[in-house]
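Per my numbering, the sequence shown starts with residue 455, numbered consecutively.
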Amino acid sequence: MDEVLENPSIKAYLFRLIGEEGINLLEKFPKDGEWSDEQLAAQTGINLNSVRHSLYTLYEKRLAEYRRIKNSETGWLTYLWHLRMDLIYDVIRDDLEAILEKLEARERYEEENDFYICKACGMLYTFNQAIDFEFICPSCDQQLEHFDNEILLRALKKRIESIKETLGHA
Ligand SMILES: [Zn+2]
Numbered sequence: 455m456d457e458v459l460e461n462p463s464i465k466a467y468l469f470r471l472i473g474e475e476g477i478n479l480l481e482k483f484p485k486d487g488e489w490s491d492e493q494l495a496a497q498t499g500i501n502l503n504s505v506r507h508s509l510y511t512l513y514e515k516r517l518a519e520y521r522r523i524k525n526s527e528t529g530w531l532t533y534l535w536h537l538r539m540d541l542i543y544d545v546i547r548d549d550l551e552a553i554l555e556k557l558e559a560r561e562r563y564e565e566e567n568d569f570y571i572c573k574a575c576g577m578l579y580t581f582n583q584a585i586d587f588e589f590i591c592p593s594c595d596q597q598l599e600h601f602d603n604e605i606l607l608r609a610l611k612k613r614i615e616s617i618k619e620t621l622g623h624a
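What follows is the structure, given as structure tokens:
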């Protein structure tokens with residue numbers, strides 16, 4: 455765990471995911487065994503709701519798992535948690551792949567379309583929409599002008615390259 459949190463980009467990722475208190479929970483999470491949310495709250499001094507919130511958020515990302523046990527007398531369920539920080543690299547990779555896919559779709563869209571803008575209200579239209587509107591903005595009747603998306607496209611390509619580099623498929 456310490457070694458995972460020492461990596462600044464992983465720590466930043468986790469911070470965006472679970473915030474300061476979540477990081478605090480990870481730092482204080484007992485090395486071995488399985489723990490209920492109440493035990494974790496008591497041991498770490500973090501409030502129970504915050505512990506639960508962090509655990510469920512981590513669970514959604516596969517970074518925490520629980521085992522459910524039923525008290526045979528009361529019928530109450532207890533959830534015993536442990537962390538799966540060994541999966542952090544896979545989880546971050548999956549997230550980056552998903553972002554990359556979206557950016558590449560956006561890149562294709564920007565490359566395949568010609569854009570027209572209404573400078574009065576800032577609305578952007580594709581070439582096909584602009585034709586339908588006869589190059590007149592439907593919301594304010596101003597003439598549409600060609601919009602150069604070169605800068606946006608260049609920024610997209612840069613972002614895509616840097617993610618590919620991180621993922622090792624540049
Ligand atoms: Zn307009």
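Heads up, the beta-carbon is just placed ideally off N, CA and C, and yes, glycines get one too.
Less than 7 Å divides the Cβ of residue 617 from the Cβ of residue 550. Residue 553 counts as exposed, since fewer than 16 other C-beta atoms from the protein chains shown sit within 10 angstroms of its C-beta. The segment 561–579 and the segment 531–548 do not touch, with fewer than 3 CB-CB distances between them shorter than 8 Å.
In this structure, the C-beta of residue 596 approaches ligand 1 to less than 6 Å from one of its heavy atoms. Remark: the C-beta of residue 574 is in contact range of ligand 1, defined as less than 6 Å to any heavy atom.
Within the segment 560–602, complete beta strand (DSSP E) segments of at least 3 residues are found at 569–571, 578–580 and 599–601, given in chain order. Excluding sequence positions up to five before and after residue 509, its CB lies within less than 7 Å of the CB of 491, 518 and 535, all in the same chain and listed in chain order. A distance criterion of 6 Å places the beta-carbon of residue 539 beyond contact range of ligand 1, judged by its closest non-hydrogen atom. In this structure, ligand 1 has no non-hydrogen atom nearer than 6 Å to the beta-carbon of residue 508.
The C-beta separation of residue 610 from residue 560 comes to about 6 Å, placing the pair in contact by the 8 Å criterion. The Cβ atoms of residue 475 and residue 500 lie closer than 7 Å to each other. A distance criterion of 6 Å places the beta-carbon of residue 593 in contact range of ligand 1, judged by its closest non-hydrogen atom. Under DSSP, residue 534 shares a beta bridge with 521. Residue environment analysis places residue 483 among the buried positions, since at least 16 neighbouring C-beta atoms fall within 10 angstroms of its C-beta. Annotation: the continuous alpha helix (DSSP H) that includes residue 462 extends over 462–482.
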